[in-house]
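Asks: Residue numbers for the sequence shown follow this note's numbering, beginning at 1 and rising by one.
Please see the structure below; I have some questions.
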Amino acid sequence: MYMSRIRLQPNASENKDFWRSLGNTYQVHRLLWSLFADDPQRNRDFLYHYKNAKDLPTFYSVSERTPSDEGDVWNIESQHYEPTLHVDQRLSFSLRANPIRTKRDAEGKQHRHDVIMNAKNQLKLDGIPRVDWPYEAEIVQNVGFEWLARKGEQYGFMVNEHEVRADGYRQERFYKAKGKHHVNISTVDFTGLLTVTDPNLFRNALYRGIGPAKGFGCGLLMVRRSLI
């Protein structure tokens, strides 16, 4: 596996057409795919995280092959990614995730629900007046942590509620190219400390990601050694 940092070349930032290509999550998704476009029939074999660093777009990716830029737009730095892991290892982490829960309706059909909106809907169903609701930041922190803790059980790590911050909740709606139906994605940013409980499961999380919407910049768990 490879870990890559993909930074915009300074001279490319002066191109107005480039900035139009970052208009929404789907356009960013297409841009990243273009860096792994050696075979149009290939399935996605990479994760990525998008952020602005010093007002310039920067991506981090974990992939089975190195990204390649034919247009001299990006500065790409790649290295082999084979982290050494062990039980009880403490790591700092960051994660942008699409936290959802799957429920079945009366007809047995599965539906995906944004856990934040689901918590708000439950407050409505419980008849709690809106003025008595917790602040949204509190809902995001509490419900987001619960979601992450469940994922930890699945992916070989453990988190403590006092060592995790969940914030940056946002919702986005966009259309795919030539698409008639819109796509809704909700994201939450997690940062904090975790403890590895199963190195093999945890390695799979690092390589394959956590949660859905991986093709749209979610799921990449970035870690480093913790001094705590």
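Beta carbons: idealized from backbone N, C-alpha and C, even for Gly.
#1: Taking the straight line between their C-alpha atoms, what separation do you get for Val140 and Thr66?
#2: Figure out for me which residue from Lys120, Asp105, Leu193 has the closest Cα to the Cα of Asp132.
#3: Is Ser68 buried or exposed, if buried means 16 or more other CB atoms sit within 10 Å of its CB?
#4: Pro10 to Ile76, Cα distance in whole Å?
#5: Report yes if the C-beta distance between Leu194 and Leu91 is below 8 Å; otherwise report no.
#6: Any chance you could list the beta strand (DSSP E) runs of at least 3 consecutive residues sitting entirely within the segment 50-103, in chain order?
#7: Report the residue from Ile6, Arg44, Tyr155 whose alpha carbon sits nearest the alpha carbon of Asp72.
#8: So, at 7 Å on beta carbons, what are the nonlocal neighbours of Ile210 in its own chain, with the 5 sequence-adjacent residues on each side left out?
#9: What does a CB cutoff of less than 6 Å around Tyr2 pick up in its chain, not counting 5 residues either side in sequence?
#10: Tell me the rounded alpha-carbon separation between Val183 and Phe174.
#11: Cβ of Phe202 within 8 Å of Cβ of Phe157?
#12: Quick check on the DSSP output: what are the complete alpha helix (DSSP H) runs of length 4 or more inside the segment 160-204, in order along the chain?
#13: Excluding five sequence neighbours on each side, which residues of the same chain lie with their C-beta closer than 6 Å to the C-beta of Gln171?
#14: Within this structure, are the beta carbons of His111 and Lys103 separated by less than 8 Å?
#15: Taking a contact to mean a Cβ-Cβ separation below 8 Å, would you say Asp88 touches Ile100 in this structure?
Replies: Put simply:
#1: 35 Å
#2: Lys120
#3: exposed
#4: 13 Å
#5: yes
#6: 56-63, 74-80, 90-97
#7: Ile6
#8: Leu95, Ala97, Lys151, Tyr155, Gly219, Leu221
#9: Ser63, Thr66, Ser78, Tyr81
#10: 5 Å
#11: yes
#12: none
#13: Ser186
#14: yes
#15: no
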